[in-house]
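Numbered per this note's numbering, the sequence shown spans residues 2 to 250.
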Amino acid sequence: MQRLKGKVALITGAGSGIGRATALRLAEEGASLALCDLNISQLSDCAKVLPGDTESLICQFDVSDSDACTKAVEDSVARFGRLDTLCNIAGVALCEHFTRISDEDWQRVLNINLTGVFYMCRAAMNALVKNQGSIINMASSAGRTGQAYNSAYCATKAGVIMLTKSLAIEFAADNVRVNAICPGMVDTPLTQNFVFPENADPLLLSRLSPLLDGAQPGEIASLVAYLASSEARFITGAELPIDGGQTAG
Ligand SMILES: NC(=O)c1ccc[n+]([C@@H]2O[C@H](COP(=O)([O-])OP(=O)(O)OC[C@H]3O[C@@H](n4cnc5c(N)ncnc54)[C@H](O)[C@@H]3O)[C@@H](O)[C@H]2O)c1
């Protein structure tokens, strides 16, 4: 399918996991890509695996840096002449007993997972309004249900969901669609390197288990591609679970 031919997407977190799978999928669908991440070597690796005819731009920056977010959007528009889709996928985890979370760790997770999404949406909005584009924010099942030892992360992802819904309403008249995807467990470096805190209560941890096996990053990327396409024309302000039933009730 080439649903995104002639379109331009900017993807944060494109160096790994869900962001990398999204880059690959959107490129297969015909999009030109601004690949954004903090990690330059992972970005270069990602650019190398894209289909040969994909036009791409590499932007290395930290999404918690407001000026850098603005510059990345400006550079993308300068390079491709337009922006149709913003995928906010960069994110970090923090698993810790609540009373042991330091001020620095709380602020870092908030800055990357929530404030970074705000910076990117604000920087890209005018360009998206021009093309009646869309935003896809990678939230989490952790933004829909409380999780032990995950309070900072849960708070940021709940914030991403409400930011998504608010923008969907404010920009509906401009035909800019804004949606949040809420994955459960996905097999990526983020979860592969997950360490639960010492003395974590196994009963509380068991509540994190999905009903099905975890998802592969490409399965999340499929949903991103659908939301970015005109097939999803009537979907905005949605928080879409893709979590194997984890948050079904
Ligand atoms: N893996 C899961 O189970 C899962 C579940 C739900 C939601 N998510 C969300 O999906 C997104 C992607 O997660 P993933 O599992 O692919 O993780 P990942 O660790 O594989 O990839 C995250 C990418 O974000 C980049 N990044 C981190 N901090 C950054 C910063 N400050 N500026 C720019 N780039 C930065 C990293 O370099 C990395 O390439 C995250 O927002 C995560 O919260 C993941």
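Note that beta-carbon positions come from the ideal geometry of N, C-alpha and C, so glycine has one too.
> Can you round the beta-carbon distance between leucine 191 and alanine 94 to whole angstroms, since I take them to be within the 8 Å contact cut?
Replying inline: Their Cβ separation, rounded to whole angstroms, is 6 Å, which keeps leucine 191 and alanine 94 in contact under 8 Å.
> First and last residue of the beta strand (DSSP E) that includes alanine 1?
Replying inline: With the chain covering 2 to 250 only, the question about residue 1 has no answer from this structure.
>> Is leucine 65 close to ligand 1? I mean its beta-carbon at under 7 Å from any heavy atom of the ligand.
In response: According to the sequence displayed, residue 65 carries serine and not leucine. At least one heavy atom of ligand 1 is nearer than 7 Å to the Cβ of serine 65, so yes.
>> For a test of the three-state rule: what should DSSP assign to arginine 234, helix, strand or coil?
In response: Arginine 234: coil per DSSP, three-state reduction.
>> Distance check for methionine 2 and leucine 164, CA to CA, integer angstroms please.
In response: Leucine 164 and methionine 2 have their C-alpha atoms some 31 Å from each other.
> Taking just the CA atoms, how far does cysteine 47 sit from threonine 86?
Replying inline: Computed Cα separation, rounded: 18 Å.
>> Let me check one thing: in DSSP terms, what residues is threonine 86 bridge-paired to?
In response: Note: threonine 86 sits in a beta bridge opposite Ala10, Ser135.
> Taking one C-beta from the region 234-245 and one from the region 32-41 each time, how about it: are there three or more such pairs within less than 8 Å?
Replying inline: With the cut-off at 8 Å, the region 234-245 and the region 32-41 do not touch.
> Apart from the five residues on each side of it in sequence, which residues of its chain come closer than 6 Å, Cβ to Cβ, to leucine 81?
Replying inline: As written in the sequence, residue 81 is phenylalanine, which differs from the leucine given in the question. Cβ neighbours of phenylalanine 81 beyond the five flanking positions: Val9, Ser33.
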